[in-house]
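Okay, so here's the structure we're looking at.
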Amino acid sequence: MEKMIYLKNVVTLQLNEKNCTGCSICMVVCPHAVFIMNNGRAQISNRDACMECGACAMNCPSEALTVETGVGCAAAVINTALGREGSCCCIIEAKNDLPKDQSKSCC
Amino acid sequence: MNQPFIIGSVQTPIGDVPKISSELSWSDHWGNFKARWGVGRMHYTVDPGLYALGEPNEQSPVLVTANYKMSFDRLRETFSNRHAWILVLDTNGINVWCAAGKGTFGTDELVRRIEFSRLNDVVSHRELILPQLAGPGVAAYKVKKRIGFKVIFGPIQARDLPKFLDTGMKATPEMRRKTFRMYERVILIPVELVSALKWSLLILPGFLLLGGLGASSGFWQGVLSDGLFAVLNMLGALLAGAVLTPILLPWLPGRAFSQKGLIMGLITTLFITLFGVFYLDIRQDYLSILAWFFLTPAVSAFLAMNFTGASTYTSLSGVKKEMQWAVPLEIVGGMAGLILWVGSRFIF
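Going line by line, the protein sequences match chains W and V. Residue 108, in this note's numbering, is where the first sequence stops; the numbers in between run on with no holes. Residue 418, in this note's numbering, is where the second sequence stops; the numbers in between run on with no holes.
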């Protein structure tokens, strides 16, 4: 019930098991328990649960993980398509000219 | 900046460090409430830097957070009767997870902030506790290499920190899973609703006006029947897409948010039609009723699709895939509804 899964077979997460050193930091940072350890190496056990946040790839010291990261946010996709600065919660702009009320959605 | 949560200072080798309260005041709660409704949310900040919680010494743990005031408050309120250093990064007032995703809660800022606040001289150990959701922005192994501090990823929720610290920095699997439970969904609704309501304030008068202009029974009669029916449907679309879909998210069929919103929108349109026609006794011809069965679900689906940005489990690849079919469908549905409605009043 609490284990929500979004669309299937879309995630870009890739694990190159040859490069994995088994440090298991990916298991620590992943917020959706995508990885398990198998014989001292990481393995993707629940690919569809991945939300492409990129925490695992960012923290993998042996660069065994790749993923096309981004915010899964429709408003941001629309803004990008329209050539506007992404809105969504995650707008980060120069501190002094934060536009008032770009708080369109999220978080 | 005026920071009323500072209640004194703690002496350290680098001078006085501001001491903060672990108790939230009424104005803190009020500020959080306003931010949830989108009021002042983009400027709800804390000054970056080092703070003392309780009476920390050189061996006390260092907890790192963002300078979004709500993130800061969640952290300090869990720490009554405990002693810790709080290192606040400059994330432009954005929460930990979003800032990590954008890189502002990142390795560079962390290293810079440690140097700037001379943390080296304040604590004797070389460990930092970061929220797990800082992971997309902070590479622990790079922090170690660049500045010698070991990054420990703590639990996702600040409220699990005491248990985490008391059990020798061990997180249970539950502490490491980002959920999206009812409460977590409901607190995100106001911000979505406020932004949708702003748009509808522009649109609703237009519908009332058209409702009056196209009516055969006279302008005001039309405003009160067709115009009112239009307003009911538009508000129903907001309710369906921005409130009911988020609440009922796990139970609505399908995986795509647009589909969930579409279904919720159809159900809502049905209810509004029955309520308007039979209870309020609003006379509507079949074409206008049909029009709302296109328009209302289309708007609801669009709003539900936007809730992907608030959710904690949608991937960008998935959202793009969903939008490939959902956006055209929403546009076609919306246009079909508008054409039917306007047509039924002025053309057909």
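We put the CB at the ideal spot given by N, CA and C, even for glycine.
Open item on the list: For the alpha helix (DSSP H) containing V:ARG196, name the first residue and the last one.
Closed with: Taking the second sequence and counting its residues from 1, the one referred to as residue 196 of chain V is at position 126. It is not in any alpha helix (DSSP H) - V:ARG196 carries neither H nor E in the DSSP assignment.
TODO: Tell me whether the beta-carbon of V:PHE219 lies closer than 7 Å to the beta-carbon of V:PRO225.
DONE: For this step, residue 219 of chain V is matched to residue 149 along the second sequence. For this step, residue 225 of chain V is matched to residue 155 along the second sequence. Cβ atoms of V:PHE219 and V:PRO225: not closer than 7 Å.
- [ ] Would you list the one or two residues that DSSP bridges to W:ARG48?
- [x] Against the first sequence, residue 48 of chain W aligns to sequence position 47. DSSP output for W:ARG48 lists no bridge partner at all.
Open item on the list: In the DSSP output, what is W:THR67 paired with across the bridge?
Closed with: Here residue 67 of chain W refers to the residue found at position 66 of the first sequence. In the DSSP output, where bridge partners are listed per residue, W:THR67 has W:GLN15.
Task: Listed by chain order, chain W residues near V:TYR211 by CB distance under 9 Å - done: Numbered from its first residue, the second sequence carries residue 211 of chain V at position 141. Near V:TYR211 (Cβ distances below 9 Å), the residues of chain W are CYS24, ILE26, ASN60, CYS61 and PRO62.
Task: Outcome for V:GLN394 when other beta-carbon atoms lying within 10 angstroms are tallied against a minimum of 16 - done: Counting from 1 along the second sequence, the entry for residue 394 of chain V is found at position 324. So V:GLN394 ends up on the exposed side.
Task: V:VAL166 at chain W interface by Cβ criterion, 7 Å - done: Translated into positions along the second sequence, residue 166 of chain V becomes position 96. Not an interface residue.
- [ ] Give the DSSP bridge partners of V:TRP155, in chain order.
- [x] Here residue 155 of chain V refers to the residue found at position 85 of the second sequence. Answer is V:ALA122 and V:VAL132.
Open item on the list: Within 8 Å, do at least three Cβ pairs link the region 293–313 of chain V to the region 344–353 of chain V?
Closed with: yes
- [ ] Closer than 7 Å by beta-carbon distance: list the chain W residues that pair up with V:PHE103, in chain order.
- [x] As a position in the second sequence, residue 103 of chain V is number 33, starting the count at 1. Those do not exist, as V:PHE103 stays about 15 Å from chain W at its closest Cβ, beyond 7 Å.
Task: Closer than 7 Å at the beta carbon, the chain V residues around W:CYS74 - done: Stepping through the first sequence from its first residue, residue 74 of chain W is reached at position 73. Within 7 Å Cβ-Cβ: THR378, GLY379 and VAL389.
Task: Inter-residue CB distance, W:GLU64 and V:LEU386 (contact presumed, cutoff 8 Å) - done: Here the question's residue 64 of chain W lines up with position 63 in the first sequence. Here the question's residue 386 of chain V lines up with position 316 in the second sequence. Incorrect: roughly 21 Å between the Cβ atoms, too far for contact.
Task: Straight-line Cα distance separating V:ARG229 from V:PRO201 - done: Position 131 of the second sequence, counted from the start, is the residue given in the question as residue 201 of chain V. Position 159 of the second sequence, counted from the start, is the residue given in the question as residue 229 of chain V. One C-alpha to the other measures close to 11 Å.
TODO: Indicate whether at least one CB of chain W lies closer than 7 Å to the CB of V:PHE149.
DONE: As a working note, residue 149 of chain V is residue 79 in the second sequence. It does not; no Cβ of chain W falls within 7 Å.
Task: Euclidean distance between Cα positions of W:PRO112 and V:ALA241 - done: Missing from the structure shown is residue 112 of chain W; chain W here goes from 2 to 108 and no further.
Task: DSSP-derived helix/strand/coil call for W:ALA56 - done: Residue numbering aside, residue 56 of chain W sits at position 55 when the first sequence is read from its first letter. Three-state DSSP puts W:ALA56 in a helix.
Open item on the list: Quick check on V:SER97: buried or exposed, where buried means 16 or more other Cβ atoms within 10 Å of its Cβ?
Closed with: Walking along the second sequence from the start, residue 97 of chain V turns up at place 27. Exposed, since its Cβ has fewer than 16 Cβ neighbours within 10 Å.
TODO: Pick helix, strand or coil for V:SER414, following the three-state DSSP scheme.
DONE: Here residue 414 of chain V corresponds to residue number 344 of the second sequence, with the count starting at 1. V:SER414 falls in the helix class under three-state DSSP.
Open item on the list: With a threshold of 7 Å between beta-carbons, can W:VAL11 be considered close to chain V, or not?
Closed with: Within the first sequence, numbered from 1, the residue matching residue 11 of chain W stands at position 10. Closer than 7 Å to some Cβ of chain V, the Cβ of W:VAL11 qualifies, so yes.
Task: Beta-bridge partners of W:MET38, as assigned by DSSP - done: Here the question's residue 38 of chain W lines up with position 37 in the first sequence. Bridge partners of W:MET38: W:ALA43.
Open item on the list: Please return the same chain residues whose Cβ sits closer than 8 Å to the Cβ of V:VAL192, not counting the five positions on each side in sequence.
Closed with: Here residue 192 of chain V is taken as the residue at index 122 of the second sequence, counted from 1. Within the same chain, V:VAL192 has close Cβ partners THR82, PRO83, ILE84, VAL87, LEU120, GLU128 and TRP155.
Task: 4 or more residues per run - each alpha helix (DSSP H) lying fully within the region 198–269 of chain V - done: 210–217, 231–236 and 252–256
Open item on the list: If we define contact as Cβ-Cβ less than 7 Å, is V:GLY205 a contact residue for chain W?
Closed with: As a position in the second sequence, residue 205 of chain V is number 135, starting the count at 1. Cβ-Cβ to chain W under 7 Å: yes for V:GLY205.
Task: Identified DSSP bridge partners for V:LYS89 - done: Locating residue 89 of chain V in the second sequence gives position 19, counting from the first residue. Answer is V:GLY78 and V:ALA122.
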